[in-house]
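Asks: Pasting a structure here, questions to come.
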Amino acid sequence: MNKFKTYIRIIDREAVLWLAALFYLLFVNPYETQQFTLCPFHNIGIDFCPGCGMGRSISFFYHADFTSSIKTHPLGIAAFILISYRIFTLTSKSIIKIKQTKRGTTWQLFTN
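Here it is in structure tokens:
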């Protein structure tokens, strides 16, 4: 149980957040017209937002509808690639920290 708590401390919360967001977009139906949004511009009634459509674009990309993905937001596929790369780098850093704790160098956990 103590090792589990150590691993939970080591795992990067940002990576978990991005992974959960991408996992959520995997199951969203991008063809629905009314969807839940966190966009403050959309919620107060402003129609233009530079980030609006990014989630739908990534969801279209998941469903292999590349033309709709680009039409919804031209940077959606690039955002997916960048977020995936960010998850990979954060996870690889966490794996390195876990390997260091297995060797007994737990003091390095608190240096970053």
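Numbering follows the numbering used here, in which position 81 of the sequence shown is assigned residue number 81; successive positions increment by one, without gaps.
Glycine is no exception: its CB is placed at the ideal position from the N, C-alpha and C atoms.
Can you tell me whether F118 is buried or exposed? The criterion is at least 16 other CB atoms within 10 Å of its CB, across all chains shown.
Replies: As shown, the chain starts at 1 and ends at 112. That puts residue 118 outside it, with no answer to give.
Asks: Would you kindly check if the distance between the Cβ of S57 and the Cβ of H76 is under 8 angstroms?
Replies: What sits at residue 76 in the sequence shown is Gly, not His. In contact: G76 and S57 (Cβ atoms closer than 8 angstroms).
Asks: Determine the DSSP secondary structure at P50, reduced to helix, strand or coil.
Replies: Here P50 sits in coil by DSSP.
Asks: When you compare only the Cα positions, how much space is there between P50 and P40?
Replies: Distance between the alpha carbons of P50 and P40 is about 12 angstroms.
Asks: Just confirm the distance between the C-beta atoms of S59 and L25, as a whole number of angstroms; I'd bet it's less than 8 angstroms.
Replies: Yes, S59 and L25 are in contact; Cβ-Cβ is about 5 angstroms, under 8 angstroms.
Asks: Measure the C-alpha to C-alpha separation of I96 and I87 and round it to an integer number of angstroms.
Replies: About 14 angstroms.
Asks: Between K71 and the ligand ADP, is there a pair consisting of the residue's CB and a ligand heavy atom that are separated by less than 7 angstroms?
Replies: The ligand ADP is absent from the structure shown, which contains no ligands of any kind.
Asks: Using only alpha-carbon positions, find the residue among F23, G45, P30 that is nearest to T73.
Replies: In the sequence as displayed, the identity of residue 73 is His instead of Thr. For H73, the nearest C-alpha among the options comes from P30.
Asks: Determine whether the beta carbon atoms of L90 and A15 lie at a separation below 8 angstroms.
Replies: Taking 8 angstroms as the Cβ cut-off, L90 and A15 qualify as a contacting pair.
Asks: Count the other CB atoms, across all protein chains shown, that sit within 10 Å of the CB of G45; report buried if there are 16 or more and exposed otherwise.
Replies: That one is exposed.
Asks: Can you tell which of S92, M54, F80, L38 has its C-alpha closest to the C-alpha of K71?
Replies: Of the candidates S92, M54, F80, L38, the one whose C-alpha sits nearest the C-alpha of K71 is M54.
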